[in-house]
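Chains as they are written, first to last, in my numbering: chain A, 1 to 401; chain B, 1 to 401; chain C, 1 to 401; chain D, 1 to 401. Note that CB positions come from ideal geometry on N, CA and C, so glycine has one too. Computed from a predicted structure; not experimentally measured.
4 protein chains.
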Amino acid sequence: MDYFNAPGRNHLFVPGPVNIPDQIIRAMNRNNEDYRSPAIPALTKTLLEDVKKIFKTTTGIPFLIPTTGTGAWESALTNTLSPGDRIVSFLIGQFSLLWIDQQQRLKFNVDVVESDWGQGAKLDVLESKIASDTAHTIKAICIVHNETATGVTNNLAKVRQILDSYQHPALLIVDGVSSICALDFRMDEWGVDVAITGSQKALSLPTGIGIVVAGPRAIEASKTAKSLRVFFDWKDYLKFYQLGTYWPYTPSIHLLYGLRAALDLVFEEGLENVIARHNRLGTATRLAVEAWGLKNCTQKEEWHSDTVTAVVVPSYIDSAEIVRRAWKRYNLSLGLGLNKVAGKVFRIGHLGYLNELQLLGCLAGVEMILQDVGYPVKLGSGVAAASAYFKNTIPLIPSRI
Amino acid sequence: MDYFNAPGRNHLFVPGPVNIPDQIIRAMNRNNEDYRSPAIPALTKTLLEDVKKIFKTTTGIPFLIPTTGTGAWESALTNTLSPGDRIVSFLIGQFSLLWIDQQQRLKFNVDVVESDWGQGAKLDVLESKIASDTAHTIKAICIVHNETATGVTNNLAKVRQILDSYQHPALLIVDGVSSICALDFRMDEWGVDVAITGSQKALSLPTGIGIVVAGPRAIEASKTAKSLRVFFDWKDYLKFYQLGTYWPYTPSIHLLYGLRAALDLVFEEGLENVIARHNRLGTATRLAVEAWGLKNCTQKEEWHSDTVTAVVVPSYIDSAEIVRRAWKRYNLSLGLGLNKVAGKVFRIGHLGYLNELQLLGCLAGVEMILQDVGYPVKLGSGVAAASAYFKNTIPLIPSRI
Amino acid sequence: MDYFNAPGRNHLFVPGPVNIPDQIIRAMNRNNEDYRSPAIPALTKTLLEDVKKIFKTTTGIPFLIPTTGTGAWESALTNTLSPGDRIVSFLIGQFSLLWIDQQQRLKFNVDVVESDWGQGAKLDVLESKIASDTAHTIKAICIVHNETATGVTNNLAKVRQILDSYQHPALLIVDGVSSICALDFRMDEWGVDVAITGSQKALSLPTGIGIVVAGPRAIEASKTAKSLRVFFDWKDYLKFYQLGTYWPYTPSIHLLYGLRAALDLVFEEGLENVIARHNRLGTATRLAVEAWGLKNCTQKEEWHSDTVTAVVVPSYIDSAEIVRRAWKRYNLSLGLGLNKVAGKVFRIGHLGYLNELQLLGCLAGVEMILQDVGYPVKLGSGVAAASAYFKNTIPLIPSRI
Amino acid sequence: MDYFNAPGRNHLFVPGPVNIPDQIIRAMNRNNEDYRSPAIPALTKTLLEDVKKIFKTTTGIPFLIPTTGTGAWESALTNTLSPGDRIVSFLIGQFSLLWIDQQQRLKFNVDVVESDWGQGAKLDVLESKIASDTAHTIKAICIVHNETATGVTNNLAKVRQILDSYQHPALLIVDGVSSICALDFRMDEWGVDVAITGSQKALSLPTGIGIVVAGPRAIEASKTAKSLRVFFDWKDYLKFYQLGTYWPYTPSIHLLYGLRAALDLVFEEGLENVIARHNRLGTATRLAVEAWGLKNCTQKEEWHSDTVTAVVVPSYIDSAEIVRRAWKRYNLSLGLGLNKVAGKVFRIGHLGYLNELQLLGCLAGVEMILQDVGYPVKLGSGVAAASAYFKNTIPLIPSRI
């Protein structure tokens with residue numbers, strides 16, 4: 001059963017699924033339960049309340065759908081839109097591309113705004129479209145907060161500002177899969193109408209819960225949206241929320257207990273501390289990349305991602321070979337370059353319940369691999385750059401002071 | 001975190017989610033992994049091969065979709081049918097009712113054949129419809145193999161025989177959620193075109209994999225079916241099967257390792273032995289119900305289910321009170337009566353990795369509760385009836401001879 | 001690795017090691033830790049405080065020795081006595097026999113008071129010995145609170161009363177292995193000088209902690225006791241207690257976290273409720289034995305044990321065959337008859353985190369086996385007798401009211 | 001329950017208890033079992049056979065005693081020696097000191113040969129004692145293979161050679177606690193009469209099994225040795241080995257299954273590969289220490305330990321502060337300096353199922369801490385030295401080629 005065993009721990013630095021903290025593994029180490037007993041609704045109630053805190057919303061309604069991020073996308077779209085509806089969607093990397101593919105297959109009229117991979121969403125194009133759409137034909141703006149394929153974080157506050165400037169009623173639908181609970185995300189303040197994430201990202205669970213939070217305007221839209229949906233339909237959830245039994249169909253008992261533990265860990269550390277820790281890990285990674293003389297796929301500092309860094313390799317190197325060697329020789333899991341950047345970038349995921357020494361071990365591994373594949377990096381250089389930064393910024397662990 | 005603790009083990013006798021064997025709990029007790037490393041495709045390949053054995057098919061293609069049974073239903077329907085297609089669907093209890101509701105919301109033209117709850121599908125009505133449908137307007141027959149709400153098992157061989165008699169090309173789409181891997185199910189022999197089950201039923205995993213197996217005619221139909229679908233689309237899976245990477249989006253690493261352990265357990269015991277064990281547990285439960293002087297909701301022996309027994313209580317008793325007391329006083333989880341039979345029946349689920357003494361403990365508990373709520377049962381009577389049967393039919397445990 | 005797999009749960013009814021609650025299994029599901037970090041002393045401190053509550057002592061000092069009950073015996077003896085010291089020891093079954101063997105090999109002068117197996121300690125003989133020992137040559141009384149081999153509980157209050165009547169200073173050393181945390185045990189009130197138990201008994205952990213609690217007189221005696229000892233020496237523990245680091249050598253991190261969870265469960269249920277539950281389970285078992293027409297090995301009601309019942313089988317039956325069949329055919333683990341009662345009794349352990357339906361499942365299994373081996377028991381009879389008693393005595397589960 | 005939580009994984013680099021591989025954690029994640037059922041003897045039989053391979057003996061008999069290394073010491077001594085027996089024992093650090101303390105308290109006549117801490121056993125002194133002991137008054141040589149406090153490995157082959165040169169019959173008793181299964185250890189070839197280790201060291205289990213392997217001469221000696229012993233007596237084990245039930249008293253079911261998994265991992269990787277991996281980790285650590293400009297406590301290369309490195313800090317630094325900061329700020333667990341070297345050294349344990357990137361993460365952490373406490377180390381320097389060595393010596397992971 002344990003195929004491909006290797007000594008010691010796997011160093012998991014893909015941008016999801018991420019490392020699961022031991023506390024969560026323990027919480028999920030259990031038998032099934034009857035989800036119609038009083039225990040599961042009582043548990044669910046606390047989860048729904050606490051998930052809202054992670055999204056920084058008081059008015060949103062969360063749906064913990066037994067699905068993946070792809071399913072969460074579909075739930076966000078089909079509950080709020082009707083076939084033929086015009087939406088503006090930003091293509092900036094593989095995940096936004098896949099979402100746009102879904103939007104098109106669901107028969108929306110997708111107005112694609114494309115950027116070079118490595119750049120953020122073209123918000124100036126958005127502004128001109130919004131400005132000219134006085135008829136309000138645009139029903140929704142679909143945008144990834146953080147493009148996992150290129151390590152680009154978009155400025156959502158700016159999107160909201162544009163919509164507000166023109167008093168445009170388009171729904172703002174945000175993929176926060178690789179951002180929420182790791183990057184600064186403010187659902188209510190930024191007027192996000194639907195936001196989604198997946199359990200296997202910053203929340204550090206196994207895959208299996210697509211978390212969708214719908215704001216009041218989205219709930220309102222769902223009453224008239226004509227896209228066919230059953231499994232993903234919010235209406236069934238809302239009915240069972242009213243009943244107090246919460247589940248229209250069987251949830252994963254394990255993921256519910258796991259989510260409880262995950263939220264407890266976040267609140268114990270403090271959401272702002274979690275976000276600050278991700279910023280430290282992201283900054284240190286970027287300093288290491290710079291020390292290695294390599295380029296970050298992300299083209300401007302404003303788009304730098306604190307959850308994933310895509311590193312551009314020289315043209316004479318195949319980045320896929322770096323990923324292969326990392327796994328085969330160092331038990332290190334890195335992210336491949338995808339689609340347009342396949343072979344050109346490899347990715348370091350630095351999200352989840354990670355600490356600084358874990359990242360430094362990863363960076364030391366990357367240095368050895370870079371040498372292995374013929375790139376003349378100085379061993380220890382990235383580690384030194386990251387350490388120098390860490391040394392001055394790591395706080396004492398609060399529980400251990 | 002452990003709300004509602006109670007001494008000793010919970011006696012889980014709802015018809016799903018069922019008890020998870022320790023071997024499976026252990027297999028899932030792990031960190032996440034990179035699903036793009038060679039390990040997960042290698043594991044997935046064995047799972048896809050072995051799942052086919054459980055369905056008794058060599059020509060079917062399995063899809064292990066990160067969803068529930070409800071999602072598996074949707075995947076079966078939307079990949080093979082187009083809005084407006086006429087389907088014949090049998091309403092015999094709450095789960096067939098929910099499936100029909102889904103079929104209608106997905107805009108199929110559903111020809112509902114209703115039975116009294118406690119009776120099987122009216123196959124004579126099917127025959128007359130098929131006989132008269134010389135124009136082949138009926139595109140699919142949708143039928144639950146085992147209705148979990150009433151404990152009724154339908155005769156799928158007979159359905160196939162009817163279709164064959166009239167050489168009718170309608171697809172045969174089967175909900176095997178509470179049957180496959182517990183009851184005798186023969187996908188190829190019975191010409192089932194799509195069959196589904198859920199991980200949390202006889203396979204004894206947590207909720208989270210909707211297993212859909214599509215036969216060649218279903219795969220063919222999926223090429224022209226016009227129902228919109230993305231998350232549930234087989235096409236994306238088939239593309240990644242070709243690539244050898246298997247997953248269009250992130251699977252649950254835990255459930256894959258868990259499924260490996262579950263299949264290993266089934267093959268170690270022997271699928272036919274598993275089915276025989278369920279028959280012993282079902283028979284013994286029915287003997288106990290008879291000894292108590294109560295009626296089985298299932299009205300004829302031919303429909304008796306070996307995975308769940310719905311027990312009818314006298315009209316002066318509220319069956320929901322039995323379920324409540326079982327949990328509050330005896331740490332026993334029984335199934336509620338649903339919808340039309342709410343308050344009238346309670347259900348004993350006897351599927352999964354269960355043995356005889358577990359069931360006898362449950363039956364002893366039910367006897368005490370029946371007395372508690374005012375039904376004059378003789379304590380020990382059901383246990384005696386079940387034991388007398390078991391004594392002569394339990395084989396030695398093969399690994400322990 | 002999972003040799004001898006069998007469907008469903010093992011029904012573990014040996015009188016130790018007992019079933020481990022899921023909460024404890026979860027707590028132990030973890031990596032090692034540095035036991036010299038601040039975390040382990042902080043944890044240990046709470047354990048030492050709380051263990052005293054289980055023993056009902058405020059003046060005793062607990063030692064959590066990485067050993068078994070046999071080692072705990074040795075620790076109790078060698079820290080308080082010198083070779084050649086006269087001790088009075090009661091032989092009433094296999095475990096008291098083994099302890100006496102240890103006492104003799106450690107070169108104490110053991111005054112053995114033997115009873116028929118099935119009878120309690122002869123306290124009248126003790127009284128006459130104490131009465132005549134005006135020179136106080138008797139240094140200690142060694143007695144098992146509950147003899148696990150025969151299911152006999154001795155009256156410790158009476159022992160104390162005898163010693164007090166004659167103002168005899170002999171130390172009272174008690175083996176509480178199969179009693180403490182299940183039977184009523186009062187260290188301070190009964191003037192017990194050393195009491196021991198093992199983690200794998202009523203505390204429901206794996207084997208590995210020999211818990212020894214020493215009262216003030218025992219601590220005083222340890223300062224002059226001349227038995228050689230190092231591993232088992234309390235002195236080393238006391239030194240590290242002073243230092244606040246607590247451990248003279250490496251403890252099992254897992255068992256410490258497990259013990260924390262075990263104590264939490266006891267306090268949540270309430271120690272008195274735990275004891276009452278054991279009384280219910282013991283009483284019900286005895287009622288079943290009576291209903292089967294079999295004899296309890298324990299010859300008088302005053303000695304009845306609430307943690308283990310030894311059942312005498314007719315002479316034409318080999319009780320070992322019952323135990324073998326239970327495991328081979330019903331996945332039920334019963335206790336063998338040992339030594340003098342080998343082949344003559346089998347034992348039902350009913351201690352630990354067990355509930356009523358678990359016991360009823362066990363009893364139903366025993367009934368079938370009794371028939372299998374040729375004893376004409378009426379199926380359901382024992383279950384009926386036990387159920388009738390339970391029905392009127394099981395309280396609602398407190399957390400679920 | 002999770003006191004002192006900190007983000008990410010604890011970096012456990014004390015020289016024991018060491019990290020437990022996930023495979024072993026899974027194997028131990030289970031309920032108790034009846035150790036008198038056929039399952040546990042069958043399991044035990046495989047363990048006893050396979051443990052011998054780890055010790056490289058075919059003639060030794062293993063005892064898996066539920067105790068710690070301290071108890072294993074006591075078992076080795078009391079089974080082979082009588083009070084008053086003269087033994088030669090080497091004092092080279094805290095653990096040999098503690099063993100000598102035990103030897104003295106057990107009333108042996110201990111001839112202590114002391115070295116400076118950081119030096120190996122004075123084998124020239126041994127030779128002169130052996131040479132002059134023509135009367136064979138020396139009954140045993142007690143030596144630690146690897147002194148965990150100073151990171152000094154003694155040359156056991158040389159000890160055997162000395163004894164053989166003079167045809168001296170003294171027993172050779174070896175503490176292999178921090179060596180066996182990590183360093184090259186050859187029980188039969190080196191004529192070791194008793195060797196011990198603990199489960200929580202290179203075997204990577206929780207604390208709780210003291211593994212003692214006795215060669216034929218030791219077994220012979222045990223027949224006449226007069227030291228009192230019961231819990232630690234080999235005789236009781238040998239009796240139960242004969243009976244085929246193996247256990248004189250209750251073992252830890254969990255540790256037996258864990259040991260099975262541990263041995264499987266060792267054999268899968270290959271014992272020689274395990275030893276080579278430890279050599280790589282030890283060498284790299286020493287290169288890093290050199291790069292930092294610090295001294296290894298171990299004074300000569302011949303004594304360098306591949307399981308633990310004690311690093312000497314400048315006199316103006318308190319090494320305990322390094323250990324404290326490591327835990328408080330970086331979630332890194334290092335070993336304290338003990339006794340004579342308290343405050344002067346800190347220790348890096350590099351034994352168990354560890355890989356190279358884990359060690360590099362640790363080294364990066366140590367560099368930051370060294371700066372924190374005022375030592376002018378160049379960040380990245382140790383990592384660079386270790387990486388440069390690793391790059392050329394890490395083989396591809398065999399299972400992943």
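Residues near residue i by beta carbon distance below 7 Å, same chain, minus five either side
i	result
ALA170 of chain B	ILE138, LYS139, ALA140, ILE141, LEU163
Cβ of residue i within 8 Å of any chain A Cβ
i	result
SER35 of chain D	The sequence shown places Tyr at residue 35 of chain D, not Ser. No, because no Cβ of chain A sits closer than 8 Å to the Cβ of TYR35 of chain D.
ASN5 of chain C	no
SER421 of chain B	With chain B running from 1 to 401 in the structure shown, residue 421 of chain B is simply not present.
GLU74 of chain B	yes
PHE108 of chain B	no
Residue-level contact to chain C via CB, residue i, 8 Å cutoff
i	result
GLY69 of chain D	yes
LYS201 of chain B	no
THR250 of chain D	yes
LEU82 of chain D	Checking the sequence, you will find Ser at residue 82 of chain D rather than Leu. Judged by the 8 Å Cβ criterion, SER82 of chain D is not in contact with chain C.
Beta-bridge partners of residue i, as assigned by DSSP
i	result
LEU91 of chain B	B:GLU114
Same chain, Cβ closer than 6 Å to residue i, neighbours up to 5 away in sequence not counted
i	result
PRO216 of chain C	THR59
LYS107 of chain A	PRO83
MET1 of chain B	Low local confidence applies: a pLDDT of 45 at MET1 of chain B is under 50, so the model's placement there is unreliable, with the coordinate-based value given in what follows. Cβ within range, chain order: n/a, list empty.
Limits of the alpha helix (DSSP H) - the one that residue i falls within
i	result
ASP164 of chain D	156 to 165
CYS362 of chain D	356 to 372
Chain D contact for residue i (CB, 8 Å cutoff)
i	result
TRP327 of chain C	yes
ARG26 of chain B	yes
GLY380 of chain C	no
ASP101 of chain B	no
ALA364 of chain A	yes
ASP85 of chain B	no
Cutoff 8 Å: residue i Cβ touching any chain B Cβ
i	result
VAL383 of chain C	yes
ASN31 of chain D	yes
MET1 of chain A	Note on MET1 of chain A: pLDDT 45, under 50, position unreliable in the model; the coordinate value appears next. Yes, because at least one Cβ of chain B sits closer than 8 Å to the Cβ of MET1 of chain A.
ARG105 of chain A	yes
Residue i: first and last residue of the uninterrupted beta strand (DSSP E) it sits in
i	result
ARG347 of chain C	345 to 349
Exercise. Check whether the stretch 166 to 181 of chain D touches the stretch 19 to 34 of chain D, taking contact to mean three or more Cβ pairs, one atom from each stretch, closer than 8 Å.
Key: No: fewer than three Cβ pairs fall under 8 Å.
Quiz item: Quick one: any contact between the stretch 113 to 130 of chain C and the stretch 254 to 273 of chain C, if contact means 3 or more CB pairs under 8 Å?
Solution: Flag = no, the stretch 113 to 130 of chain C and the stretch 254 to 273 of chain C do not touch.
Exercise. Evaluate the contact criterion for the stretch 370 to 378 of chain A versus the stretch 350 to 359 of chain A: three or more CB pairs, one atom per stretch, below 8 Å.
Key: Result no; under three Cβ-Cβ pairs closer than 8 Å.
Quiz prompt | Sufficient close CB pairs (3 or more, under 8 Å) joining the stretch 43 to 50 of chain B to the stretch 54 to 71 of chain A | solution = Taking 8 Å as the limit for Cβ pairs, the verdict is that the stretch 54 to 71 of chain A does not touch the stretch 43 to 50 of chain B.
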